[in-house]
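Asks:
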Amino acid sequence: MAADDAKAVLLREGSSMYHKEKSIQIKNSASALYNNLCALRIAPRRLTYFTVVHANVVNMVSASWDGLNYSHRQLQSKEPNVATSTSLIMQAAFCSLPSRDLLVVTSQKGIQVYESDGSIMVYWHALDIPETQTAQAMFARGISAVRDSYICVGISTGAILVFDVPSKGSNITLSDVLEGHKESITDMASECCGGEVCIADLVSADDGGNLCVWKSGEEFKLLNHIPGFDISCSSVKLWKGTVVAGYGTGQIRLYEAVTGILHAEVNAHARWIYSLDIAPYSGLLLSAAEDSLVRVWHLTMTPESQSVEIAHLHNECVTDTQICGAKFCDADGYAFAVTGYDLSEIIRYTQS
Amino acid sequence: MSVRTLPLVFINLGGEMLYILDQRLQALNTSEDNSEKGVWSEHDRKRVLNDIVGAMFSKDFMDELLKPQQLYSHRTLKTVLTRLAHASIMRLNQASMDKLYELMVMAFKYQVFLCPRPKDLLLITYNHIDTIREFVRHTPVVVNQVDETHRKIIEIYSSLAEGDFQLLRQTLLIFFQDMHIRVSLFLKNKVQNPNGRFALSPSGPVPHGIDVPGLIRMFDRKGREVRRGEFPTGGSYTSPIRQGCFALHGNRVITLGMNMYTENHPEETHTSKAPSKDDAPNLLAKEELNLLARLMGSMKAEDMPETETGFRINLFTSDQEEEDAGASGGAEQCLFGVINIQAMQDEQAATQLARIAGQFAEGGEMPEELSSSKGDDLLAMMDEL
Chain D
1 MAADDAKAVL
11 LREGSSMYHK
21 EKSIQIKNSA
31 SALYNNLCAL
41 RIAPRRLTYF
51 TVVHANVVNM
61 VSASWDGLNY
71 SHRQLQSKEP
81 NVATSTSLIM
91 QAAFCSLPSR
101 DLLVVTSQKG
111 IQVYESDGSI
121 MVYWHALDIP
131 ETQTAQAMFA
141 RGISAVRDSY
151 ICVGISTGAI
161 LVFDVPSKGS
171 NITLSDVLEG
181 HKESITDMAS
191 ECCGGEVCIA
201 DLVSADDGGN
211 LCVWKSGEEF
221 KLLNHIPGFD
231 ISCSSVKLWK
241 GTVVAGYGTG
251 QIRLYEAVTG
261 ILHAEVNAHA
271 RWIYSLDIAP
281 YSGLLLSAAE
291 DSLVRVWHLT
301 MTPESQSVEI
311 AHLHNECVTD
321 TQICGAKFCD
331 ADGYAFAVTG
341 YDLSEIIRYT
351 QS
Chain E
1 MSVRTLPLVF
11 INLGGEMLYI
21 LDQRLQALNT
31 SEDNSEKGVW
41 SEHDRKRVLN
51 DIVGAMFSKD
61 FMDELLKPQQ
71 LYSHRTLKTV
81 LTRLAHASIM
91 RLNQASMDKL
101 YELMVMAFKY
111 QVFLCPRPKD
121 LLLITYNHID
131 TIREFVRHTP
141 VVVNQVDETH
151 RKIIEIYSSL
161 AEGDFQLLRQ
171 TLLIFFQDMH
181 IRVSLFLKNK
191 VQNPNGRFAL
201 SPSGPVPHGI
211 DVPGLIRMFD
221 RKGREVRRGE
231 FPTGGSYTSP
241 IRQGCFALHG
251 NRVITLGMNM
261 YTENHPEETH
271 TSKAPSKDDA
281 PNLLAKEELN
291 LLARLMGSMK
301 AEDMPETETG
311 FRINLFTSDQ
321 EEEDAGASGG
331 AEQCLFGVIN
341 IQAMQDEQAA
351 TQLARIAGQF
361 AEGGEMPEEL
371 SSSKGDDLLA
381 MMDEL
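Chains D and E, in that order, give the protein sequences.
Residue numbering for the first sequence follows the UniProt record's numbering, starting at 1 and increasing by one per position.
Residue numbering for the second sequence follows the UniProt record's numbering, starting at 1 and increasing by one per position.
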């Protein structure tokens, strides 16, 4: 198994799988929000964009691969003149479509779509906020690009908005509203395996730990509903037809998307999981939690048993920090980056 | 974000405020002779606590807080808490209130940060309510108010899901973001590092309802477990603690939110290197002003001792703690050095400090008259570095 090989190599060498690199300083500290780090690799320009949310601001930093150039930009939630607390940002994420990359920012007020460098806002969708304050908080959270031309965004009501995105320009339109959840959406992810043909395109997760699996199209179709256990699924990924879900109990579960069959369950962390990421080419999985630990795992498909296996590879402890974001910087998982609550830096690790 | 933060914020911050006031007023009680000017007797102290608790837990004030609404700025919160503190005969100057607020907020930040499960925010709140109830136990009217509020909190918050509590916690964490004021009590107990950050150890009991990390289980297509394995967790976790009681009375199990000042440890604040969030001179947003007006209005007029002259106190005179620190074998040299380094606000205070320094040099005792006089307008703050 590839995981065993990797481990054998490490044990032989007597070294650790990853080592810490120089951190990237950001203008503000990261807020304690799920999935609070996003990365976009721009190969032609040999740089990577990172986004980290701080209250009502998105910190963007563009880091050149040679480590010599860093440039910063800050995006504020719309209407910056009101009290900070009413324009808080829940999440910022890059959406990569075949024709273009966009940056989507979701807040208590609505959804903003920018060009991937944050230079121009191309679209704004205001949330339907009732006049008088209700007992339910209102916000958008959960962002995913799907297939060729869709961007899906979750709402605290449980609804999922599907936007149709043209290959260029700002003529983005709301094409569908999916009603698969009754609880607040926490995270969404689309199939990231690339070339292979997969039945399911999108998975969405909510505060009750419920998962919905969808097929995209002019009308999205609900393929499966995997019930939760009243514990939030705070982060979810979809890879080769497998849903990888992280929960508030610190557990990671692997499900077969279309059938809901449970492949594996890991008691991974001692506190709430805040972020999961997968490196699609290698099947490496990253999990990060409030317990200050980041763990690297390896997923292997076993066609004989029609199953997926998970093996543990590596741990990193970010001292005294509740981690809120962790992302691989490339599709092989050669490097990953981490953010933590109250930390004003993006910590980076590279394979040794 | 969460629209359910305000009641918990006020009860917890208010609770911390009462803990500190209680401890400080005890520290100022340096004489057995109640006729001594500048001394706060036990009766005075109880009266102050009763008045503040009565104002904070008044039906109108609590009803206003319990309405679903966004959490507002530190400025608004501080203003309301100052008004609450002045529901008693005590008058705090701005500097005292600023220090008090910093301590309150850092204590609450610590509790929220280390809260094992989001739902345990309620247990932390109930720890505060339990202690507050103890403070006012001899005044049935006020005890009733506290019980009523406690019941309302139980009613409203017991229907919230764990995800809602996590949202509430995340909202609070944003509110506390970038505050790294060092509190000597935390530093002493090693719960806070010299850089101002709280210690988080990958060890100890896991929260109730969470499994100890380390186990991987794999299943076949029929749901039968076919393999289990273990992985190194990089920590040393133990079995979960039992669940605390969420009822009106009971063992909360969790100690966060309990009165950490009862050991009579002095706590001083250290000036944070990070700039204060309130430095920016922005005007309160319109919504905040409205909230402020409503909250102030809901505090009963008859509770405010308008006609009575408030007694100013210097909350953080550290006569007592210097004596304590000296007695515990602390370096007198160090203390001596400390006295010279402080923020002096007026000459009167400076003179007084010189006298204290002089006293130490002679190895003499703390004279009684150094504790603040009720009518005086002292602004001296002593910060230990």
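For every residue, glycine included, the Cβ atom is placed at its ideal position computed from N, Cα and C.
Determine the direct distance from the alpha carbon of MET104 of chain E to that of ARG197 of chain E, and round the result to whole angstroms.
Replies: So the two alpha carbons sit approximately 16 Å from each other.
Asks: Enumerate, from N- to C-terminal direction, the unbroken beta strand (DSSP E) stretches of 3 or more residues contained entirely within the segment 94 to 123 of chain D.
Replies: As far as the segment 94 to 123 of chain D is concerned, its whole beta strand (DSSP E) runs of at least 3 residues are 101 to 107, 110 to 115.
Asks: Is any beta-carbon of chain D found at less than 8 Å from that of TYR237 of chain E?
Replies: Yes, contact with chain D.
Asks: Taking the Cβ atom as the reference point for each residue, do ILE241 of chain E and PRO202 of chain E lie within a distance shorter than 8 Å?
Replies: Not a contact, by the Cβ cut-off of 8 Å.
Asks: Check LEU293 of chain D in the structure and name its three-state DSSP category.
Replies: In the structure shown, LEU293 of chain D sits in a strand (DSSP, three-state: E or B).
Asks: Between the Cα of ARG100 of chain D and the Cα atoms of D:MET60, D:GLN108, D:VAL122, which residue gives the shortest distance?
Replies: Nearest C-alpha to ARG100 of chain D: D:VAL122.
Asks: For a contact defined as C-beta to C-beta under 8 Å, what are the partners of LEU13 of chain E on chain D?
Replies: Within 8 Å Cβ-Cβ: nothing; LEU13 of chain E doesn't reach chain D, min ~16 Å.
Asks: Counting C-beta neighbours from all protein chains within 10 Å, is the total for PRO232 of chain E 16 or more, i.e. buried, or is it exposed?
Replies: So PRO232 of chain E counts as exposed.
Asks: May I have the straight-line CA-CA distance separating TYR261 of chain E from TYR19 of chain E, to the nearest angstrom?
Replies: Distance between the alpha carbons of TYR261 of chain E and TYR19 of chain E: 7 Å.
Asks: Using the beta-carbon of each residue, which ones in chain D are nearer than 8 Å to ARG151 of chain E?
Replies: Going along chain D, no residue has its Cβ under 8 Å from ARG151 of chain E, so there is no contact; the nearest lies around 18 Å.
Asks: Where are the alpha helix (DSSP H) runs, 4 residues long or more, that stay fully inside the segment 53 to 79 of chain E, in chain order?
Replies: Qualifying alpha helix (DSSP H) stretches, in chain order: 59 to 66.
Asks: Taking CB distances under 8 Å as the criterion, tell me whether GLY228 of chain D reaches chain E.
Replies: No, its Cβ sits nowhere closer than 8 Å to a Cβ of chain E.
Asks: Keeping to the same chain, check which residues put their C-beta closer than 6 Å to that of ARG228 of chain E; ignore five residues upstream and five downstream.
Replies: Here the set comprises ARG217.
Asks: So the candidates are E:LEU81, E:SER2, E:GLN26, E:LYS67; which of them puts its Cα closest to the Cα of ILE11 of chain E?
Replies: Measuring from the Cα of ILE11 of chain E, the nearest candidate turns out to be E:LEU81.
Asks: From SER170 of chain D to TYR72 of chain E, what does the alpha carbon distance come to, in whole angstroms?
Replies: Cα to Cα, SER170 of chain D sits roughly 35 Å from TYR72 of chain E.
Asks: Hey, is MET260 of chain E's beta-carbon within less than 8 Å of any beta-carbon in chain D?
Replies: Answer no: the Cβ-Cβ gap between MET260 of chain E and chain D never drops below 8 Å.
Asks: Can you tell which of E:ASP178, E:HIS249, E:THR238, E:VAL253 has its C-alpha closest to the C-alpha of LEU343 of chain D?
Replies: For the residues E:ASP178, E:HIS249, E:THR238, E:VAL253, the minimum Cα distance to LEU343 of chain D belongs to E:ASP178.
Asks: Would DSSP call residue 428 of chain E helix, strand or coil?
Replies: It is not possible to answer for residue 428 of chain E, since the shown part of chain E is limited to 1 through 385.
Asks: If you drop the 5 nearest sequence neighbours on each side, which residues of the same chain put their C-beta closer than 6 Å to that of ALA335 of chain D?
Replies: The residues are CYS329, THR350.
Asks: Do you know whose CA, among D:ALA268, D:TRP214, D:CYS233, lies nearest ALA257 of chain D's CA?
Replies: Nearest of D:ALA268, D:TRP214, D:CYS233 to ALA257 of chain D, Cα basis: D:TRP214.
Asks: Name, going along the chain, the residues of the segment 64 to 89 of chain E whose beta-carbon falls closer than 7 Å to a beta-carbon of chain D.
Replies: If the cut-off is 7 Å between Cβ atoms, the segment 64 to 89 of chain E has PRO68, GLN69, GLN70, LEU71, TYR72, SER73 near chain D.
Asks: From which residue to which residue does the alpha helix (DSSP H) around MET188 of chain D run?
Replies: No alpha helix (DSSP H) holds MET188 of chain D; the beta strand (DSSP E) holding it covers 185 to 190.
Asks: Looking only at its own chain, which residues have a Cβ that is under 8 Å from the Cβ of TRP65 of chain D, when we skip the five neighbours before and after it?
Replies: Excluding residues within five positions, the ones whose Cβ falls inside 8 Å are ARG46, LEU47, THR48.
Asks: Report the CB separation of SER287 of chain D from GLY246 of chain D in whole angstroms; it is logged as a contact under 8 Å.
Replies: That belief holds up - the Cβ atoms of SER287 of chain D and GLY246 of chain D are roughly 6 Å apart, short of 8 Å.
Asks: Per DSSP, what kind of secondary structure is ASN127 of chain E in: helix, strand or coil?
Replies: It is helical.
Asks: How many angstroms separate the CA atom of SER31 of chain D from the CA atom of ASP117 of chain D?
Replies: So the alpha carbons of these two residues sit roughly 21 Å apart.
Asks: Between which two residues does the alpha helix (DSSP H) containing TYR101 of chain E stretch?
Replies: That run of the alpha helix (DSSP H) goes 94 to 114.
Asks: Could you please give me the residues that DSSP links to PHE336 of chain D through a beta bridge?
Replies: D:PHE328, D:TYR349, per the DSSP bridge assignment.
Asks: What's the call for ASN195 of chain E, buried or exposed, on a 16-neighbour Cβ count within 10 Å?
Replies: Counting Cβ neighbours within 10 Å, ASN195 of chain E comes out exposed, since fewer than 16 surround it.
Asks: Exposed or buried, GLN322 of chain D, counting other C-beta atoms within 10 Å across all chains shown (16 or more means buried)?
Replies: So GLN322 of chain D ends up on the buried side.
Asks: Note down the Cα distance separating LYS182 of chain D from LEU161 of chain D, rounded to an integer number of angstroms.
Replies: Cα-Cα distance, rounded: 14 Å.
Asks: Given that a residue counts as buried once 16 or more other Cβ atoms are within 10 Å of its Cβ, and exposed if not, what is CYS245 of chain E?
Replies: CYS245 of chain E should be labelled exposed.
Asks: Verify the CB distance criterion: does VAL266 of chain D have a CB-CB separation below 8 Å to chain E?
Replies: Chain E, which has a Cβ nearer than 8 Å to the Cβ of VAL266 of chain D, makes this yes.
Asks: Do you know offhand how far LEU187 of chain E's Cα is from ALA199 of chain E's?
Replies: Using only the alpha carbons, I get a separation of about 10 Å.
Asks: Just checking: is the beta-carbon of LEU283 of chain E within a distance shorter than 8 Å of some beta-carbon in chain D?
Replies: Here the model assigns LEU283 of chain E a pLDDT of 45, short of 50, so the residue's position is not dependable, and the following value carries that caveat. It does not: the Cβ of LEU283 of chain E has no partner Cβ on chain D nearer than 8 Å.
Asks: What residues in the segment 199 to 221 of chain E bring their beta carbon closer than 8 Å to a beta carbon of chain D?
Replies: Answer in chain order: ALA199, LEU200, PRO202, VAL206, PRO207, GLY209, ILE210, ASP211, VAL212, PRO213, GLY214, LEU215, ILE216, ARG217, MET218, PHE219, ASP220, ARG221.
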